[in-house]
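Report on one structure; see the data block that follows.
In the working numbering, the protein residues as written are 56 to 276.
And the structure:
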């Protein structure tokens with residue numbers, strides 16, 4: 056992307072931020088879906104813009120991770136700063152900042168079968184115990200919604216239908232076409248339960264403080 060395109064994007068971002076950025080973040084923090092936020096904004100905003108803004112806010116606040124929890128990989132974030140020259144003319148300067156996590160975590164792995172057997176075998180109690188030890192802020196679950204939507208759209212639609220009230224949340228996020236990681240909050244625990252009981256969840260759960268990784272429906276390595 057050339058500097059002119061960066062500038063145009065920065066300018067558009069400033070306009071959107073001034074119009075509804077703060078409201079989107081506030082409502083997202085309160086648990087509203089992208090659709091609910093769009094309906095509640097005083098300033099009209101395109102649904103797709105709101106979806107992207109919610110996604111970026113969840114990523115910025117650590118609700119969604121694009122790299123595996125505890126990986127120690129560097130995260131870079133670029134932003135634009137508005138400055139003025141001596142004549143009062145505004146300009147934009149691109150600023151990059153990096154944040155490095157601690158050293159990679161050496162995980163203690165547990166393997167469970169997928170489907171109802173995992174749930175009946177005590178998974179709810181295990182998750183409750185790990186959440187009590189780690190807290191939501193240090194507990195994550197893998198999400199492959201973007202990959203499934205791209206490769207198996209019919210299966211993705213079946214998953215959305217099964218989620219009931221939580222469909223709107225999942226459908227309202229622009230999932231990337233790769234595995235991402237979502238904080239294991241109450242909403243994601245409900246979504247996870249539905250998918251596991253239907254036999255549709257194959258992934259991993261991470262509990263960073265206790266260094267526990269639970270693999271569901273994956274072969275032992």
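For glycine and all other residues, C-beta sits at the position ideal for the given N, C-alpha and C.
Exercise. Quick one: what's residue 239 bridged to in DSSP?
Worked result: Within the chain shown, residue 239 is the residue found at index 184, counting from 1. The partner list for residue 239 (beta bridge, DSSP) is empty, contrary to what the question assumes.
For this session: Assign residue 123 to one of three DSSP states: helix, strand, or coil.
Result: Within the chain shown, numbered from 1, the residue matching residue 123 stands at position 68. If DSSP states are grouped into helix, strand and coil, residue 123 belongs with coil.
Problem set entry | Limits of the unbroken alpha helix (DSSP H) element including residue 267 | Translated into positions along the chain shown, residue 267 becomes position 212. No alpha helix (DSSP H) holds residue 267; the beta strand (DSSP E) holding it covers 267–271.
Exercise. Among all the DSSP beta bridges, which residues are the ones paired with residue 196?
Worked result: As a first step, residue 196 must be located in the chain shown, where it is residue number 141. Note: residue 196 sits in a beta bridge opposite 237, 260.
For this session: Indicate the three-state DSSP secondary structure (helix, strand or coil) for residue 85 in the structure shown.
Result: Counting from one through the chain shown, the residue named residue 85 turns up at place 30. Three-state result, residue 85: coil.
Problem set entry | Sequence-distant residues of its chain with Cβ nearer than 6 Å to residue 110 (five each side left out) | On the chain shown, position 55 is the one that residue 110 refers to. Answer for residue 110: 228, 229, listed in chain order.
Problem set entry | Whole-angstrom distance between residue 215 and residue 225, CA atom to CA atom | Sequence index remark: in the chain shown, residue 225 carries index 170 (1-based). Sequence index remark: in the chain shown, residue 215 carries index 160 (1-based). If you take the alpha carbons of residue 225 and residue 215, they lie about 8 Å apart.
Exercise. Which two residues bound the contiguous alpha helix (DSSP H) that contains residue 163?
Worked result: Numbered from its first residue, the chain shown carries residue 163 at position 108. Note, residue 163: premise wrong, no alpha helix (DSSP H); beta strand (DSSP E) at 163–167.
Problem set entry | Contact set for residue 199: own chain, Cβ-Cβ below 6 Å, skip 5 residues either direction | Taking the first residue of the chain shown as 1, we reach residue 199 at position 144. Within the same chain, residue 199 has close Cβ partners 234.
For this session: Evaluate residue 260 with the Cβ neighbour count: other Cβ atoms within 10 Å of its Cβ, from every protein chain shown; 16 or more gives buried, anything less gives exposed.
Result: Locating residue 260 in the chain shown gives position 205, where the first residue counts as 1. Flag for residue 260 reads buried.
Exercise. Residue 253 by DSSP, collapsed to three states: which one?
Worked result: For the purposes of this step, residue 253 is identified with residue 198 of the chain shown, where counting begins at 1. Residue 253 falls in the coil class under three-state DSSP.
Problem set entry | For residue 95 and residue 255, the rounded distance between their alpha carbons | As a first step, residue 255 is located in the chain shown; it is residue number 200 there, counting from the start. As a first step, residue 95 is located in the chain shown; it is residue number 40 there, counting from the start. Near 33 Å, if we compare the C-alpha coordinates of residue 95 and residue 255.
Exercise. Quick one: what does DSSP say residue 232 is sitting in, helix, strand or coil?
Worked result: Locating residue 232 in the chain shown gives position 177, where the first residue counts as 1. Three-state result, residue 232: coil.
Exercise. Exposed or buried, what is residue 123 when buried is set at 16 or more other beta-carbons lying within 10 Å of its beta-carbon?
Worked result: Within the chain shown, the letter at position 68 stands for residue 123. By the neighbour-count rule (16 or more Cβ atoms within 10 Å), residue 123 is buried.
For this session: Alpha carbon to alpha carbon, how far is residue 99 from residue 133? Give it in angstroms, no decimals.
Result: In the chain shown, residue 133 corresponds to position 78, counting from 1. In the chain shown, residue 99 corresponds to position 44, counting from 1. With a pLDDT of 49 at residue 133, under the threshold of 50, the predicted position of this residue should be treated as unreliable, and no value is reported.
For this session: Answer with buried or exposed for residue 165, where buried requires no fewer than 16 other C-beta atoms within 10 angstroms of its C-beta.
Result: In the chain shown, residue 165 corresponds to position 110, counting from 1. Its Cβ having fewer than 16 others within 10 Å, residue 165 is exposed.
For this session: Determine, using beta carbons only, whether residue 48 and residue 264 come nearer to each other than 7 Å.
Result: The structure shown does not extend to residue 48, since the chain is modelled only from 56 through 276, so no value can be given for it.
Problem set entry | Cα-Cα separation, residue 184 to residue 97 | Counted from its first residue, the chain shown places residue 184 at position 129. Counted from its first residue, the chain shown places residue 97 at position 42. Cα-Cα distance, rounded: 42 Å.
For this session: Can you give me the Cβ contacts of residue 87 inside the same chain, cut-off strictly under 8 Å, excluding the 5 residues immediately before and after it?
Result: Within the chain shown, residue 87 is the residue found at index 32, counting from 1. The residues are 95.
Problem set entry | Other residues of its chain near residue 182: CB distance less than 6 Å, five sequence neighbours each side excluded | Locating residue 182 in the chain shown gives position 127, where the first residue counts as 1. Nothing meets the Cβ criterion.
Exercise. Can you name, in chain order, every residue of its own chain whose Cβ lies under 6 Å from the Cβ of residue 83, other than the five neighbours on each side?
Worked result: In the chain shown, residue 83 corresponds to position 28, counting from 1. Closer than 6 Å at Cβ, skipping near neighbours: 109, 112.
For this session: May I have the straight-line CA-CA distance separating residue 187 from residue 159, to the nearest angstrom?
Result: Indexing the chain shown from 1 puts residue 187 at position 132. Indexing the chain shown from 1 puts residue 159 at position 104. Each residue's alpha carbon lies about 23 Å from the other.
Exercise. Rounded to whole angstroms, how far is the Cβ of residue 217 from the Cβ of residue 249, which I believe are closer than 8 Å?
Worked result: Taking the first residue of the chain shown as 1, we reach residue 217 at position 162. Taking the first residue of the chain shown as 1, we reach residue 249 at position 194. Indeed they touch by this definition, with Cβ atoms about 6 Å apart.
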